[in-house]
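In the numbering used here, the protein residues as written are 204 to 603. Using N, Cα and C, we set each Cβ at its ideal position, and we do this for glycine too. Beneath this line is the structure, given in structure tokens, with notes to follow.
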Amino acid sequence: MNLLYVDAFSGISGDMILGAMIDLGLSVEGLEAQLKQHLNLPEYHLSAHKTTRGSITGTKLEIRLAHPATTGHPLNAQQILSLIETSSLEPTPKQKSLWIVKRLAEAEAKVHGVRMEEVHFHELGGIDTIIDIVGAVLGLGLLGCQKVISSPLNLGSGFISTCHGTLPVPAPATLELLKGIPAYGSPSQYELTTPTGAAIITTLAQQFSPMPLMRVERFGCGAGSRDIPEKPNLLRLIQGESLATLQEDEVTVIETNIDNMNPEFYPHIMDRLQQQGALDVTLTPITMKKGRPAVKLTILSDYLERDRLICALFEESTTLGVRLYQAQRKKLAREIKIIETRYGPMRVKLGYLDGRLCQVSPELADCQEGADKLGVPIKELYEEVKATARRLLADPCPEG
């Protein structure tokens with residue numbers, strides 16, 4: 204699996220992310236071409252130059268508008284969301300970009316007591332915010348990164364002057380975005396992690412931890428806007444192959460015990476939760492006080508999806524509260540392939556350990572359809588599909 208480790212020892216911002224990606228090998232001309240192909244923005248130009256922070260060289264990204272005086276009023280959050288929604292971006296980068304902007308706008312709105320539509324992005328009329336966010340999402344794909352892991356985030360300290368007045372560091376919106384994320388302050392009297400940087404990394408990173416076991420292939424440094432006496436003001440990106448035997452991530456577990464609901468509702472609720480982004484939904488029979496039979500409903504969720512799933516659960520079920528905790532998962536590298544069998548094409552889920560095929564699970568829906576169509580016992584068809592898959596796919600595959 205191709206892994207990108209984000210070493211935020213001096214914080215993170217949108218321009219530092221793009222600068223580090225360019226230093227890593229991303230073509231600034233290629234990135235600009237992609238952005239201009241998909242987004243209808245006022246004319247601008249991206250440039251990058253080498254600079255030093257402390258004693259280390261990095262790349263500084265610059266965004267220049269062709270006609271700064273004609274940008275008009277700063278774009279508000281709704282305008283930026285609409286601009287991305289109507290763009291020609293592919294579905295996955297479009298949804299990730301929209302989610303980053305939405306989280307950033309919601310955080311700003313919440314901490315400043317305004318509606319989301321009233322949130323404005325002031326620098327360069329909001330154009331730089333769009334480029335930072337969409338550029339980071341596109342950059343991951345152009346660099347071939349399959350997974351992002353980040354270090355805990357250095358926030359800095361002190362105070363900053365903004366359009367909202369003087370604010371403490373970290374800014375309130377940054378703190379709102381970092382709920383549940385490991386972070387720390389430092390003596391540096393600067394804002395090291397910006398709201399835009401926080402929104403990008405907390406959306407794109409699958410976990411926050413020390414650097415994992417990996418084969419380093421290349422690294423790049425993105426330069427911050429100023430020199431800081433205490434440390435090099437750089438964001439470091441390290442790219443390579445994961446050497447972990449098992450894949451690992453962190454999920455939020457949402458649980459509730461229900462003893463007063465019509466059991467016929469459960470299939471609908473499980474479908475709704477899965478549509479809302481649940482990784483898994485299970486039901487466990489339990490016995491509650493006074494011997495009442497009940498059901499423990501358990502949801503596995505990405506951290507960022509948990510509030511949406513909890514709201515759906517409150518809307519659909521009779522529960523009055525839920526329990527939450529974080530859990531580590533270890534997983535086989537996995538993929539789904541379609542194989543040709545004498546019953547026709549069938550999907551199979553495959554699990555790999557150290558590149559060796561060790562789990563084969565035919566897709567039950569395909570087996571059911573084949574068994575019904577051909578009048579074959581499902582257990583016979585299932586086992587034959589499984590054996591065929593093992594025979595055809597026995598060669599090792601790359602991890603991930």
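From the options, residue whose alpha carbon lies closest to that of residue i
i, options, result
"residue 482", "317, 499 and 504", "504"
"residue 469", "502, 493 and 492", "502"
"residue 338", "310, 358, 297 and 367", "297"
"residue 525", "461, 586, 246 and 575", "461"
"residue 535", "549, 554 and 520", "554"
"residue 307", "270, 402, 547 and 330", "402"
"residue 251", "243, 224, 270 and 240", "224"
"residue 422", "234, 439, 471 and 304", "439"
"residue 561", "581, 593, 578 and 588", "593"
"residue 239", "471, 538, 290 and 430", "290"
"residue 435", "258, 221 and 209", "258"
"residue 565", "543, 284 and 219", "543"
"residue 245", "233, 411 and 278", "278"
"residue 282", "243, 310, 364 and 294", "243"
"residue 408", "391, 364 and 349", "349"
"residue 358", "411, 366 and 378", "378"
"residue 305", "237, 494 and 376", "376"
"residue 299", "344, 269 and 496", "344"
"residue 342", "237, 512, 396 and 576", "237"
"residue 496", "595, 396, 463 and 270", "463"
"residue 433", "467, 261 and 395", "395"
"residue 380", "303, 424, 323 and 425", "303"
"residue 234", "336, 597 and 437", "336"
"residue 549", "533, 537 and 591", "591"
Close beta carbons around residue i, own chain, < 6 Å, minus the five adjacent residues each side
i, result
"residue 530", "454 and 456"
"residue 326", "Per-residue confidence for residue 326 stands at a pLDDT of 49, beneath the threshold of 50, marking its modelled position as unreliable; no derived number is given."
"residue 347", "205"
"residue 485", "501"
"residue 265", "250"
"residue 248", "267"
"residue 587", "none"
"residue 208", "352, 414 and 441"
"residue 210", "354 and 439"
"residue 528", "456"
"residue 509", "455"
Bridge partner(s) assigned by DSSP for residue i
i, result
"residue 315", "DSSP lists no partner for residue 315."
"residue 252", "263"
"residue 528", "456"
"residue 224", "In the DSSP output, where bridge partners are listed per residue, residue 224 has none listed."
"residue 483", "503"
Spatial distance of residue i from residue j (CA atoms)
i, j, result
"residue 490", "residue 333", "52 Å"
"residue 477", "residue 517", "15 Å"
"residue 552", "residue 267", "48 Å"
"residue 465", "residue 446", "48 Å"
"residue 441", "residue 317", "39 Å"
"residue 288", "residue 585", "43 Å"
"residue 487", "residue 231", "53 Å"
"residue 416", "residue 581", "43 Å"
"residue 419", "residue 444", "7 Å"
"residue 507", "residue 479", "12 Å"
"residue 559", "residue 321", "54 Å"
"residue 241", "residue 286", "10 Å"
"residue 144", "residue 329", "The displayed coordinates of the chain run from 204 to 603. Any statement about residue 144 would go beyond what the structure contains."
"residue 568", "residue 540", "14 Å"
"residue 340", "residue 228", "15 Å"
"residue 314", "residue 412", "28 Å"
"residue 570", "residue 292", "36 Å"
"residue 467", "residue 595", "42 Å"
"residue 427", "residue 405", "19 Å"
"residue 519", "residue 498", "15 Å"
"residue 410", "residue 255", "29 Å"
"residue 579", "residue 563", "21 Å"
"residue 261", "residue 331", "20 Å"
"residue 176", "residue 212", "The chain is shown only over 204 to 603; residue 176 falls outside these bounds and no answer can be derived."
"residue 295", "residue 492", "46 Å"
Cβ separation of residue i and residue j, assumed to be a contact under 8 Å, to the nearest whole Å
i, j, result
"residue 400", "residue 217", "6 Å"
"residue 280", "residue 219", "Actually they do not touch by this definition, with Cβ atoms about 22 Å apart."
"residue 398", "residue 451", "Incorrect: roughly 29 Å between the Cβ atoms, too far for contact."
"residue 263", "residue 214", "Contact doesn't hold; Cβ gap of about 15 Å is too wide."
Spatial neighbours of residue i in its chain, beta-carbon cut-off 7 Å, leaving aside the 5 residues before and after
i, result
"residue 362", "369, 370, 371 and 372"
"residue 547", "573"
"residue 360", "372, 388, 389, 390, 391 and 392"
"residue 523", "none"
"residue 513", "457 and 525"
"residue 521", "461, 463 and 464"
"residue 577", "546"
"residue 589", "563 and 565"
Any non-hydrogen atom of the ligand FAD within 8 Å of residue i CB
i, result
"residue 237", "What this structure holds is no ligand at all, so the ligand FAD is not there to describe."
Beta-carbon proximity list for residue i, same chain, < 8 Å, skipping 5 on both sides
i, result
"residue 448", "556 and 557"
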